[in-house]
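Visitor:
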Amino acid sequence: MPAFTIELFPCRSDNFGVLIHDALSGATASIDAPEEAPILAALERRGWTLTHIFTTHHHTDHVDANLPLKARFDAQIIGPAQEAARIPGIDLTIGDGGDFTFAGRPVHVIGTPGHTAGHINYHLPEDHLLFSGDTLFALGCGRLFEGTPVDMWTSLSKLMALPDETLVYFGHEYTLSNARFAVTIDPANAELQARIRQIEEVRDRGEYTAPTTIGLEKRTNPFLRVQDEKIRAGLGMEAASDAEVFAEIRSRKDNF
């Protein structure tokens, strides 16, 4: 099958809007629905008709446009079963390990609690795509509003098991801020240093830092590198569990 066409654009103050389109069937999904006007503009620019909304979690900045988009297009809204009561207009509920088909391709749902209790990610294995919402960011991860550090570390570990070439589209343009924090945790990482320079150049040009890849995050994102001996030594946590090291890094980011 031909590859999906993906349209990435800004919404709200720092959200990403993402549309994924199949030319053969005409199926078009919005990953979350942060804001109606930019999504409508992107659809018009491309000449696409919205058919689906893949909701990752219940936060307002990810579901705000659900109902107006559903009213306009009769789009099917898919979202986490655990948060169904808080997802406006939800049609299909799904949880960890669930599967459905979009444009003839399988979509596998990965439960990723931590940022919220029922957060899910959408993995399209045949297309090497992951839509991670607010679980995994470039050089970062979501703040823990409803889950524990153990929850989030378990969720991130699931994502780390995906193929390195998996493209990751995430929910917010936080990358420059994340980079400035990452280097305080992993200062000896030469690839991270080079990546920070690249990120600064990309943002100076007004371009976006999405997508990233699982492999790149495993090599440079401190939240995925809790087993690294130099990071553990820097934190004074050589004998700590992975979840404990993750919790310390997350706490430091919260106060950065």
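With the sequence shown counted from 1, adding 1444 to any position gets you the numbering used here.
Heads up, the beta-carbon is just placed ideally off N, CA and C, and yes, glycines get one too.
At which residues does the alpha helix (DSSP H) containing residue 1599 begin and terminate?
Guide: Counting along the chain, the alpha helix (DSSP H) containing residue 1599 begins and ends at 1593-1604.
Visitor: Three Cβ pairs or more, each shorter than 8 Å: is that satisfied between the stretch 1445-1465 and the stretch 1486-1495?
Guide: Flag = yes, the stretch 1445-1465 and the stretch 1486-1495 touch.
Visitor: Would you mind reading off the limits of the alpha helix (DSSP H) that contains residue 1550?
Guide: No alpha helix (DSSP H) holds residue 1550; the beta strand (DSSP E) holding it covers 1549-1555.
Visitor: Do residue 1452 and residue 1480 count as a contact pair if the criterion is CB distance below 8 Å?
Guide: No, these two residues do not count as a Cβ contact at 8 Å.
Visitor: Any contact of the stretch 1506-1523 with the stretch 1535-1544, i.e. 3+ C-beta pairs under 8 Å?
Guide: Result yes; three or more Cβ-Cβ pairs closer than 8 Å.
Visitor: Let's test the definition: count the other Cβ atoms within 10 Å of the Cβ of residue 1697 and tell me whether it reaches 16, buried, or not, exposed.
Guide: Buried, because 16 or more other Cβ atoms sit within 10 Å of the Cβ of residue 1697.
Visitor: Give me the residue from 1690, 1647 and 1678 with the minimum Cα distance to residue 1630.
Guide: Of 1690, 1647 and 1678, the residue nearest in Cα terms is 1678.
Visitor: Whole alpha helix (DSSP H) runs in the stretch 1455-1489 with 4 or more residues, listed along the chain?
Guide: Correct list: empty.
Visitor: Counting only the same chain and skipping the five closest in sequence on each side, list residues whose C-beta sits under 6 Å from that of residue 1682.
Guide: Hits under 6 Å: 1676.
Visitor: Compare the Cα-Cα distances from residue 1695 to each of 1589, 1672, 1542 and 1634 and report the closest residue.
Guide: The shortest C-alpha separation from residue 1695 is found at 1589.
Visitor: Here's the rule I'm using: 16 or more other beta-carbon atoms within 10 Å means buried, otherwise exposed. How should residue 1619 be labelled?
Guide: It is buried - the Cβ of residue 1619 has at least 16 other Cβ atoms within 10 Å.
Visitor: Among residues of its own chain, excluding the 5 on either side of residue 1506, which ones have a beta-carbon nearer than 8 Å to its beta-carbon?
Guide: Excluding positions up to five away in sequence, the list reads 1459, 1476, 1477, 1478, 1499, 1500, 1577, 1578 and 1615.
Visitor: Provide the residue(s) that pair with residue 1565 in DSSP beta bridges, ordered along the chain.
Guide: BP columns for residue 1565 point to 1554.
Visitor: CA-CA distance, residue 1646 and residue 1561?
Guide: Each residue's Cα considered, the two are about 33 Å apart.
Visitor: Which class does residue 1501 belong to by DSSP, given the choice of helix, strand or coil?
Guide: Coil, per DSSP.
Visitor: Excluding the 5 residues preceding and the 5 following residue 1652 in the sequence, name in chain order all residues of the same chain whose CB lies nearer than 8 Å to its CB.
Guide: Cβ neighbours of residue 1652 beyond the five flanking positions: 1452, 1454, 1460, 1617 and 1646.
Visitor: For residue 1673 and residue 1689, what's the separation of their Cα atoms in angstroms?
Guide: About 11 Å.
Visitor: Inspect the beta-carbon positions of residue 1602 and residue 1657 and report whether they are closer than 8 Å.
Guide: No, the pair does not count as a contact, with Cβ atoms beyond the cut-off.
Visitor: Label residue 1467 either buried or exposed according to how many other C-beta atoms from any shown protein chain fall within 10 Å of its C-beta, with 16 as the threshold for buried.
Guide: Exposed, by the Cβ-count rule.
Visitor: Mark residue 1599 as exposed unless 16 or more other C-beta atoms lie within 10 angstroms of its C-beta, in which case mark it buried.
Guide: By the neighbour-count rule (16 or more Cβ atoms within 10 Å), residue 1599 is buried.
Visitor: Less than 8 Å between the beta carbons of residue 1569 and residue 1550, yes or no?
Guide: Against a cut-off of 8 Å, the Cβ pair of residue 1550 and residue 1569 comes out as a contact.
Visitor: If you run the structure through DSSP and keep just helix, strand and coil, what is residue 1559?
Guide: Residue state, collapsed to three classes: coil.
Visitor: Under 8 Å, do residue 1613 and residue 1654 count as touching if we go by C-beta distance?
Guide: Result yes, Cβ atoms of residue 1613 and residue 1654 sit closer than 8 Å.
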